[in-house]
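Each remark here refers to the structure printed beneath this line.
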């Protein structure tokens, strides 16, 4: 009876919801027809014979009245609100402002065009250069206008899917929606709640849904505007090509960074890529005797010959225009507060009787950083005669003349202003610590009071910032690199200098994070890594085999990118942030196709990682685990989803052109020996392949795809290539995304661990070496500084910098895998406090979930998590035996329970394992090697075996070798084939 009653209530609830939707739709249709009738009467085009049937009318856009969109709900007040915002150079979240944005973002068609901007002259022109729509179906215009904001704000029926589907291609449209808080131009697919369509989308990537409030940048001086935005004059073209050189000429600080130019060889777009840490340094006001002035010294020393000194300070002056240098110098002295402060120091030095003069570069600002960002000369610098006694800790004291350089702290307010005078021509403040987030409940009156206080030169009341409500470097950067219709584009249009700014900003962000890690080691409970840091800490890998391995590479020539940047005469490489944002939206859709829409079959697990090519563009590696009922076990099944052949141009011209553009390797070999894949005169990817009549799986578990000699060819870079040069692809994915999408079939255990190794390889890193001490001995016993290792061994490109500034995920997996740590007695273990149920430690997280607010474990209601104990080798002793017991003992309440077997308590975990029959006859060592084989490479297994031999714990080494030799030899044949560049080498089977 209870089940029947519950079933009846469910049916009744669904019926009521359906009735409510029908009633709501009728109300919306009635209001649309009334507004349509009124609008057509104003235009004199109303036809009584058609009555209120709005769906039967089609009107050209040019004849549509502007009054259609003005329904008396706030559009008329937009101009007043914009005047206030322009005076404050900010975007407060007021009721009037939000209302106007709702109207502008509500009328959006599937083509991604914000129609209200075509009729309301109070809105700035959109950045989209999409072709105008010749006609518009009026019922589409009002598809989401209900008259009740709360009724359809999160309705699935409020808006059509925001995409363009032409010939199968997935087009995300243009960034035509303005954030209701900060005014950033956003794509509809970047909204917060992506699972539902919303007529009033909210965004967190730009300002954190209104948390971040910063003043907008002023338009650059006319000289700089001409050089940056004029694309016709020879002078501006020279400046745009050499902008980094001109910036260094006028920079106040020297950039301490190692730039990687190995891939800027003209065969790919320019890419600013650094290795290691970046830092900015500043010297004294005057150079040492016999040395040439550099950087800030050029503003003080011999200013009568300043232009010649700036030109003389660079070895390579090819392409540098003296007239541009002179104009930039005059501009900075007129507008830049930092140049004026050093000019003030020069004037003081010219006075007689001044011997001990110092320049103090002030760190602290007293005004509100959410409103002010353009300081005065007295706020950025001060002259000091004699000893220094009032300087703050982070102030920079520039001596009159000395040979030492000082490093400027990343938190210094003028850190970026000193390095990028052409990006911040007025000397605007960069990131400022202790700037609070936007006040909750801020209204228009509050900002009016701020404006009046600013005009009356009154200080804004300062409230103490805490770690919960203060601005971070990442938030500051994410706000600054957004495009807004009422903000200057100086930063975003600076081309290669913008690349350098992104990389420099990311290193600032990383410095903040790593500094926190270094100072909070006790909070991180680093003791749990005891005895583990020298071992690989990957978890176990059990379960089903991987089925598909997909590599998805960003296409800089996507129509969305070209439409947005083509109108402003920029290339894709000039805006790495746009590349990252578009790729993120495309990747999310691809992941949805694979895991939710089941394009290739039902998926029950997946994992991915995002990497960044050495040439700049991002790409993703995806591992797909298919449901057992949707696998592709036979060669004919593989041919249904993967093709390695050129399609017929006559029957499928679109796919033919896509394969030609995106899926042809090279050409390389004898036809093109300068190809990047060529090593020692041969292709490192073993192209061209051999013709293959049918798909087969070789003895190593790798597929050999069908490549028939059917005469299909393409002309690539003037060279005719056939099916032997085709990279395996899926036709559906290639048609929809029009990018390089390599799909590989893998269903053998021998190939899985290399896929996991490939997908988890992490950062591009340099080769590290052990440096001997002065006495010739190595310092291997020295404590390892992992933070320093991380900084020294990494490479950072602009695309990766923007990806991390936007806080996009680098890794993802489903179901989630929880790494479970454990300790021996006396090492702050919490095992005894949670293992109260009759389950093993690794199964605990799959049955329970931890509630942070209450700090307690509760039974899991939804979702699934896999628990994996950290792997440790047998050489760790008791820790290894404890792990062995935790995988079998259920519900222990203490360490004594683990050590007790059949009511007999043992002294050590090793004795317990021996009593349980887990060890003996070197079985634990054989089991350890076999377990590590699931994820470890052959080289790692051989290293592990050597450690076992050196430990002296193995009783019969030859017996262990005979049981595991086929595993220990793994990878040797492949390595020799790579060295010889010959896959035909075969070694005898051990």
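In UniProt numbering, the protein residues as written are 1 to 990.
Just so you know, even glycine gets a beta-carbon here, dropped at the ideal spot from N, CA and C.
Ranked by Cα distance from residue 412, the options 208, 332, 511 and 330 are led by 511. Per DSSP, residue 607 is one residue of the beta strand (DSSP E) stretching across 603-612. For residue 349, the closest C-alpha among the options 293, 212, 647 and 302 is that of 302. Listed in chain order, the beta strand (DSSP E) elements of length 3 or more contained wholly in the region 167-229 are 169-171. Assigned with DSSP and collapsed to three states, residue 841 falls in helix.
Here DSSP, grouped into helix, strand and coil, assigns residue 407 to strand.
DSSP, reduced to helix, strand and coil, places residue 322 within a helical segment of the structure shown. For residue 687, no alpha helix (DSSP H) segment is defined, and its DSSP state is neither H nor E. Taking the Cα of residue 732 as reference, the smallest distance to any Cα among 617, 679, 642 and 674 is reached at 642. Between residue 283 and residue 405, the CB-CB gap stays under 9 Å. The residues 885, 888 and 901, in chain order, have a CB closer than 8 Å to that of residue 916 in the same chain once the five nearest residues on each side in sequence are set aside.
For residue 562, the uninterrupted alpha helix (DSSP H) run begins and ends at 559-566, by DSSP. Here residue 745 is buried: its Cβ has 16 or more other Cβ atoms, across all protein chains shown, within 10 Å.
Considering only 290, 323, 255 and 272, the residue with the shortest C-alpha distance to residue 296 is 255. Under DSSP, residue 716 takes part in a beta bridge, and its partners are 719. With respect to residue 740, residue 552 sits close: the two C-beta atoms are nearer than 9 Å. Taking each of 893, 337, 239 and 402 in turn and checking the Cα distance to residue 326, the smallest one comes out for 239.
Taking C-beta separations shorter than 6 Å and ignoring five residues to either side along the sequence, the partners of residue 713 in its chain run 720 and 722, following chain order. Around the beta-carbon of residue 360, 16 or more other beta-carbon atoms lie within 10 Å, marking it buried.
Residue pairing by DSSP puts residue 848 in a beta bridge opposite 859. The criterion of a C-beta distance shorter than 9 Å is satisfied by residue 229 and residue 493.
Secondary structure at residue 414: coil, using DSSP grouped into helix, strand and coil. When C-beta atoms of the region 863-873 are compared with those of the region 813-828, three or more pairs fall below 8 Å, so the two segments count as touching. Counting every other CB atom within 10 Å of its CB across the protein chains shown gives residue 958 a total below 16, marking it as exposed.
Following the DSSP letters along the chain, one finds residue 236 inside the alpha helix (DSSP H) bounded by residues 234-241. Separation of the CB atoms of residue 320 and residue 242 is rounded to 6 Å, and the pair is thereby assigned contact status at 8 Å. For residue 683, the pairing in a beta bridge is given by DSSP as 678. Per DSSP, the beta-bridge partners of residue 729 are 643. Per DSSP, residue 948 has no beta bridge partner at all. If the five residues before and after residue 372 are omitted, its C-beta is found closer than 6 Å to no C-beta atom of its own chain. Under a 10 Å Cβ-count criterion, residue 819 is classified as exposed, with fewer than 16 other Cβ atoms of the shown protein chains found around its own Cβ. The beta carbon of residue 280 sits closer than 8 Å to those of 253, 254, 255, 256, 407, 408, 415, 418 and 419, all from its chain and outside the five residues before and after it, given in chain order. Sequence-distant Cβ neighbours of residue 602 in its own chain, meaning closer than 8 Å and more than five residues away, are 626, 627, 629 and 630. Rounded to whole angstroms, the separation of the alpha carbons of residue 285 and residue 292 is 12 Å. Between residue 221 and residue 338, the CB-CB gap reaches or exceeds 9 Å. Every alpha helix (DSSP H) stretch that sits fully inside the region 327-371 and reaches 4 residues is listed by chain position as 337-350.
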